[in-house]
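Data block below; observations after.
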Amino acid sequence: MILVALVTLALILAGCGGDDDETDAAATTTRPAAKTTSTRPRSTTTTTTTTMPTAVAPTTVPPAAAPTSPPRTSASAPPPPPTAAPAPPPAPAPYQPIAGYAGIVAPVDAARLPASWRSGCPVDPENLRLLTLPFVGFDGGEHTGELVVHQDSADRTVGIFRTLFDARFPIERMELVDVYGADDDRSTMANNTSAFNCRPVTGGGGWSQHSYGRAIDINPMQNPYVYRDGHVLDPNAAPFTDRNRTDPGMIKPGDVVVSAFAAIGWGWGGNFNSIKDYQHFSATGG
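Using my numbering, the first residue of the sequence shown is number 258, and each one after it goes up by one.
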């Protein structure tokens with residue numbers, strides 16, 4: 258029995274050693290196969306065929322998406338032609354006086370002033386000038402009249418009456434006061450527009466500005482001299498003390514007549530306080 262047991266034990270031990278040898282051989286065969294067929298081929302395929310093409314993908318981004326493309330496009334495109342500025346409106350035509358107006362300034366002597374000038378007057382004839390002036394009459398027609406003024410006011414007076422002519426402001430009559438014997442009352446009642454007359458101030462002493470040729474009376478009937486008590490010399494002029502009337506030939510504050518004289522520094526008698534002399538304009542305002 259003992260012998261049988263020993264033989265059996267020996268057989269068992271011999272069988273165990275064979276199993277170890279097969280395990281070692283199998284292991285040796287399997288390891289090389291794993292290195293050549295599984296690990297290397299996978300690593301090579303992944304690196305050369307899959308990873309590298311993906312790395313260069315940014316080259317497919319459109320140029321328009323790049324931040325520098327707008328400047329590049331602007332620089333390459335030609336600039337648009339400049340827009341022409343709108344043409345300025347045409348300048349207004351220069352002022353042209355009505356055709357046919359021609360005021361004349363000429364010397365005057367004592368022979369032409371037989372009643373209005375005399376020795377002792379404050380100005381001599383050589384310092385006066387005779388003006389020949391077109392004017393528009395109450396009939397709407399064009400007429401020619403005469404005034405005598407101081408030489409230093411001659412050209413400016415022509416300018417005033419040219420303005421009145423262009424504005425069609427009507428004047429009834431324009432004659433030298435010598436036609437009326439230098440009588441201021443007669444000239445006034447004839448509704449005569451006049452200037453030089455060597456005489457005293459109305460209602461007072463001293464020389465009137467008319468004595469120097471530096472005063473002009475226009476349409477005395479429509480623009481009367483109103484005394485302190487409200488009466489007028491000519492009864493026909495009485496209705497025109499109502500200055501709200503709008504008759505032709507009346508002079509109103511700020512109208513073309515007042516403005517034309519104000520432009521050369523002459524004052525209007527319609528602005529007097531104690532009396533009103535609506536016909537009167539003078540270099541001193543008095």
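C-beta: ideal position from N, C-alpha, C; glycine also.
- Contact annotation: the region 494 to 513 does not touch the region 402 to 409, with fewer than three C-beta pairs closer than 8 Å.
- Under the DSSP assignment, ALA368 falls outside any alpha helix (DSSP H); it carries neither an H nor an E label.
- Residue state for THR459 is assigned as coil, using DSSP reduced to three classes.
- The beta carbon of ILE473 is closer than 6 Å to those of ALA452 and PHE538 in its chain, skipping five residues each way along the sequence.
- DSSP places ARG413 in the helix class (H, G or I) of the three-state scheme.
- Shortest Cα-Cα distance from THR389 to any of PRO371, ASP423 and LEU433 involves LEU433.
- Secondary-structure assignment with DSSP links LEU390 through a beta bridge to GLY402.
- Here GLU383 is exposed: its Cβ has fewer than 16 other Cβ atoms, across all protein chains shown, within 10 Å.
- Classified as buried, ILE508 has 16 or more neighbouring CB atoms from the shown chains inside 10 Å of its CB.
- From the listed residues ASP504, GLY397 and THR541, the smallest Cα separation to ALA519 is found for THR541.
- Around the CB of VAL458, fewer than 16 other CB atoms lie within 10 Å, so the residue is classed as exposed.
- Every alpha helix (DSSP H) of 4 residues or more that sits fully in the region 468 to 536 is shown, in chain order, as 513 to 519.
- In the three-state reduction of the DSSP assignment, SER444 falls in the helix class, which pools H, G and I.
- Look at ARG430 here: in three-state DSSP terms it is strand.
- Taking one beta carbon from each stretch, the region 524 to 538 and the region 467 to 485 have 3 or more pairs nearer than 8 Å; the two touch.
- Per DSSP, reduced to three states, the secondary structure at ASN449 is strand.
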